[in-house]
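Asker: One structure coming up, written as C-alpha cells, with questions to follow.
There are 2 protein chains.
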Amino acid sequence: MLDRSQNTRDAILDAAKALIAERSYGAVSMRDIASAVGIRQSAIYNHFPSKQAILGDLMMAHMERLLAAWAQVRQFHGTAADRLAAFARFHVTYHVDQTDAVFIAYMELRSLEERYFEAVNEMRRRYEYELRTILADGIDEGGFKVRDIAITARAIIAMLTGVTTWYSEGGRLTTGALADIYVEMTLMSVGLEAGAGRT
Amino acid sequence: MLDRSQNTRDAILDAAKALIAERSYGAVSMRDIASAVGIRQSAIYNHFPSKQAILGDLMMAHMERLLAAWAQVRQFHGTAADRLAAFARFHVTYHVDQTDAVFIAYMELRSLEERYFEAVNEMRRRYEYELRTILADGIDEGGFKVRDIAITARAIIAMLTGVTTWYSEGGRLTTGALADIYVEMTLMSVGLEAGAGRT
DNA sequence: CATTCCAATGAACGACCGTTCATTCACGAC
DNA sequence: GTCGTGAATGAACGGTCGTTCATTGGAATG
C-alpha cells in the first residue's frame, strides 16, 4: 500500500514545516517531528535519510510550487504595467497562504547543505528574473521610472514578501483588498500612477 | 579594573552576534562563542547568566541603538515628503552597516523568551510609529497617496530592510547611491514624484 | 604584606542530539 | 499457508548541549 507511505511522508513534511517555522531548524529535533506525527524517531528514517533531507525537501518543494504556480498565471501579452500588477497580485496572494514555508525559505537558507542550497538559490534567481524582465519591458515601453533593475526587483520582492511576517488570517482585510493595496504600491514604486495596472 | 570586564563582555557579544547571524541561535553553542573569544565556556557565565541573556542583550541593544540613532537624525520641520526621504535614507544607510544585527533581530525574535520579546517588540512598534506619523502628515498635507497607513508603513520598512539580505561591501554601488535609489522608490511608492524629497 | 574580589578554569552533571540496527509486525502476492 | 516487503519499534551509540561549582590566579585596595 503506497498510500500509507505517502501519507506518512507528507505528515512528516507538514509537521516539520510547522515546527521549524515556529522554532527554527536547529531547535527542532527528530523526536519532536516524530511525536507530532505520532511515530517514533527511528521511523522517520524509513522516509528520509537525514534531518537535512527533510529541510532540503521542504525548501525545494516550496520553490518548485512557487515557480509552477506563477507559470500558470503569467501572461506574455498585455502592457508591462499589467504584467507587473499581475506579478504583485500573484506574489501577495500566493505567499499569504504559505507563511510557514516562506519563513523557512528565507530563514533557513544558511542551514542548507551546499547541494540543496545551490538548487534552491537557482530557483530563486529564476523567479527574480521574471520580475526583472517585466521591469526591463516597462522601461523599454517608456512608462517605468526605474533607476536600477536589479535593486528595484529585490526591493519589490522584499516589500511584497514582507506581508508574511505580519499577516494573520481573520485580520481586518480580505486577501483581495490586501493585494489591491500592494499592487498599487508596487505600481507607484516604479513611477506609475495609481490604478495603472488593470489586473 | 572594570575595563577588562567590559571588553570581555563586548567581545562575547560581538562573537555571538557574528556566529548567530551565520548559523542561527539554536545552532551556536556556548563553547563556540567562548572559543571565538579565546576563553572557556564556563567563563561566559561570569558575564551573562544564560545563553538567552546573550541573545536578549543583543536584540535589546540593537533596537536601542536604532532608536537612538534615529532620534539624532529626525527632524520635526520640513514637509512630510522631506521627512519621509530622511527616514528612508536613514533606514537604509544605518541598516547596511549592521547586517548581522538586523538579521538576528528579524530571525530570532521567536527564540526570545517573553520578557525580552515584549521589550524588543515594543521598541519595534515605536520605530514603526515614527514612519506612520510621517505618512499621516503626508496625507493631511495632501501629497501622499496612501490607502492604508499601517500596511504602507510595514511595506516600506520591509522594502528598505530587504537591502540587508543581499548587500555586501565592495559591491558596485556606494552606500549613498544605494540610498538614493531606495529613497526615490519610497517616495514614489506613496504617490510622490521622483525627486520630491529634498534630503 | 595581607586582604578582597572577580574573572577564568577544568571537571562534571543530566539531558538531549542525530543516527544506526536488529527485530517485530502487518500486509498483499503467489 | 508461506513468502517477501517495507514501515515501525526500542534500545543503544558517541557526541554535544547549557549549566554548575569548587578552585585558582592575579591584580587593586587597605
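From first to last, the protein sequence lines stand for chains L and F. Residue 1 is where the first sequence starts when you use my numbering, and the numbers rise one by one after that. Residue 1001 is where the second sequence starts when you use my numbering, and the numbers rise one by one after that. Think of the CB as a built atom: it goes at the ideal place given N, C-alpha and C, for glycine as much as any other residue. Quantities reported herein were computed from a predicted structural model and do not represent experimental measurements.
Tyrosine 1182 of chain F versus chain L: which residues are under 9 Å apart at the beta carbon?
Answerer: Chain-ordered, the chain L residues with CB closer than 9 Å to the CB of tyrosine 1182 of chain F read Ile151 and Ala155.
Asker: Helix, strand or coil for histidine 77 of chain L, going by three-state DSSP, please let me know.
Answerer: coil
Asker: For glycine 195 of chain L, does the count of other Cβ atoms within 10 angstroms reach 16, so buried, or fall short, so exposed?
Answerer: Glycine 195 of chain L is exposed by the Cβ-count criterion.
Asker: Using 10 angstroms around the beta-carbon of arginine 1004 of chain F, count the other beta-carbons present and answer buried if the total reaches 16, otherwise exposed.
Answerer: With a pLDDT of only 49 at arginine 1004 of chain F, under the threshold of 50, the placement of this residue in the model should not be trusted, and no figure is reported.
Asker: Let me check you understand the geometry: is the CB of tyrosine 129 of chain L closer than 7 Å to at least one non-hydrogen atom of the ligand GTP?
Answerer: As presented, the structure is devoid of all ligands, the ligand GTP included, so that no description of it is given.
Asker: Taking all protein chains shown into account, decide if serine 1042 of chain F is buried (16 or more other Cβ within 10 angstroms of its Cβ) or exposed.
Answerer: exposed
Asker: Can you give the beta carbon distance from valine 1190 of chain F to leucine 1135 of chain F, rounded, assuming they're within the 8 Å contact cut?
Answerer: 7 Å
Asker: Between which residues of its own chain and leucine 19 of chain L is the CB-CB distance below 7 Å, once the five residues before and five after are set aside?
Answerer: Val28, Asp32, Ile33 and Ala36
Asker: Would you tell me roughly how many angstroms separate the C-alpha atoms of arginine 9 of chain L and leucine 178 of chain L, rounded to the nearest one?
Answerer: Arginine 9 of chain L and leucine 178 of chain L have their C-alpha atoms spaced approximately 34 Å apart.
Asker: By the three-class DSSP mapping on this structure, what secondary structure does valine 1102 of chain F have?
Answerer: helix
Asker: Taking the Cβ atom as the reference point for each residue, do valine 73 of chain L and alanine 88 of chain L lie within a distance shorter than 8 Å?
Answerer: The answer is no: Cβ separation not under 8 Å.
Asker: Since phenylalanine 1117 of chain F is in the alpha helix (DSSP H), which residue starts that stretch and which ends it?
Answerer: From DSSP, the alpha helix (DSSP H) with phenylalanine 1117 of chain F extends over 1114-1141.
Asker: Measuring CA to CA, which of F/Tyr1129, F/Asp1137 and F/Ala1053 is closest to glutamate 1114 of chain F?
Answerer: F/Ala1053
Asker: For lysine 1017 of chain F versus methionine 1030 of chain F, is the C-beta spacing smaller than 8 Å?
Answerer: no
Asker: For the candidate residues L/Val146, L/Arg147 and L/Val96, whose alpha-carbon lies nearest to that of threonine 174 of chain L?
Answerer: L/Val96
Asker: Determine, using beta carbons only, whether leucine 1187 of chain F and tyrosine 1127 of chain F come nearer to each other than 8 Å.
Answerer: No, they are not a contact pair.
Asker: Taking the continuous alpha helix (DSSP H) assigned at arginine 154 of chain L, which residues delimit it?
Answerer: 149-161
Asker: Please work out which residues of its chain come closer than 6 Å, Cβ to Cβ, to glutamate 1184 of chain F, disregarding the five sequence neighbours upstream and downstream, and give them in chain order.
Answerer: Cβ neighbours of glutamate 1184 of chain F within its own chain (closer than 6 Å, five residues either side excluded): Ala1194.
Asker: For glutamate 118 of chain L, count neighbouring Cβ atoms within 10 angstroms of its own Cβ and tell me buried if that reaches 16, exposed if not.
Answerer: By the neighbour-count criterion, in which a residue is buried when 16 or more other Cβ atoms sit within 10 angstroms of its Cβ, glutamate 118 of chain L is exposed.
Asker: Residues of the region 122-148 of chain L in Cβ contact with chain F at a cutoff of 8 Å, in chain order, please.
Answerer: Lys145, Arg147 and Asp148
Asker: Taking the alpha carbon of tyrosine 1025 of chain F as the reference point, which residue from L/Glu108, L/Ile156 and L/Glu169 has its own alpha carbon closest?
Answerer: L/Glu108
Asker: Residues in the same chain with beta-carbon distance under 7 Å from leucine 1112 of chain F, minus the five sequence neighbours each way, listed in chain order, please.
Answerer: Leu1055, Gly1056, Met1059 and Val1120
Asker: By alpha-carbon positions, which one of L/Ala21, L/Ile181 and L/Asp180 ends up nearest to glutamine 98 of chain L?
Answerer: Of L/Ala21, L/Ile181 and L/Asp180, the residue nearest in Cα terms is L/Ala21.
Asker: Against methionine 188 of chain L, what residues of chain F qualify as contacts under a CB-to-CB distance less than 8 Å, listed in chain order?
Answerer: Lys1145, Met1188, Ser1189, Val1190 and Gly1191
Asker: So which residues on chain F does serine 24 of chain L lean against when the C-beta distance must stay under 9 Å?
Answerer: Ordered by position in chain F, the residues that pass the 9 Å Cβ test against serine 24 of chain L are Ser1024, Tyr1025, Gly1026, Ala1027, Met1107, Glu1108, Arg1110 and Ser1111.
Asker: Please state if the CB of glycine 197 of chain L and the CB of aspartate 14 of chain L are separated by a distance shorter than 8 Å.
Answerer: No, they are not a contact pair.
Asker: With a Cβ-Cβ cutoff of 8 Å, do histidine 975 of chain F and alanine 1101 of chain F count as a contact?
Answerer: Any answer about residue 975 of chain F is impossible in this case: the structure gives chain F only from 1001 up to 1199.
Asker: So that I know if they touch, is there some Cβ in chain L lying closer than 8 Å to that of glycine 1038 of chain F?
Answerer: no
Asker: Does the beta carbon of methionine 1159 of chain F sit closer than 8 Å to a beta carbon anywhere in chain L?
Answerer: yes
Asker: State yes or no: is the beta carbon of alanine 1196 of chain F nearer than 8 Å to at least one beta carbon in chain L?
Answerer: Closer than 8 Å to the CB of alanine 1196 of chain F there is not a single CB belonging to chain L.
Asker: Would you say glycine 162 of chain L and alanine 1105 of chain F are within 8 Å of each other, going by their C-beta atoms?
Answerer: no
Asker: Express the C-alpha separation of glycine 170 of chain L and arginine 110 of chain L in angstroms, rounding to a whole number.
Answerer: 32 Å
Asker: Which whole-angstrom value is the C-beta distance of leucine 200 of chain L and alanine 153 of chain L, which I expect to be below 8 Å?
Answerer: Shown here, chain L extends from 1 to 199; a query on residue 200 of chain L therefore has no answer.
Asker: Are the beta-carbon atoms of threonine 1164 of chain F and phenylalanine 1090 of chain F separated by less than 8 Å?
Answerer: For threonine 1164 of chain F and phenylalanine 1090 of chain F, no; Cβs fall outside 8 Å.
Asker: When you compare the CB of glycine 1171 of chain F with every CB in chain L, is at least one pair closer than 8 Å?
Answerer: no
Asker: State the Cα-Cα distance for the pair arginine 65 of chain L and threonine 133 of chain L, rounded to the nearest angstrom.
Answerer: 21 Å
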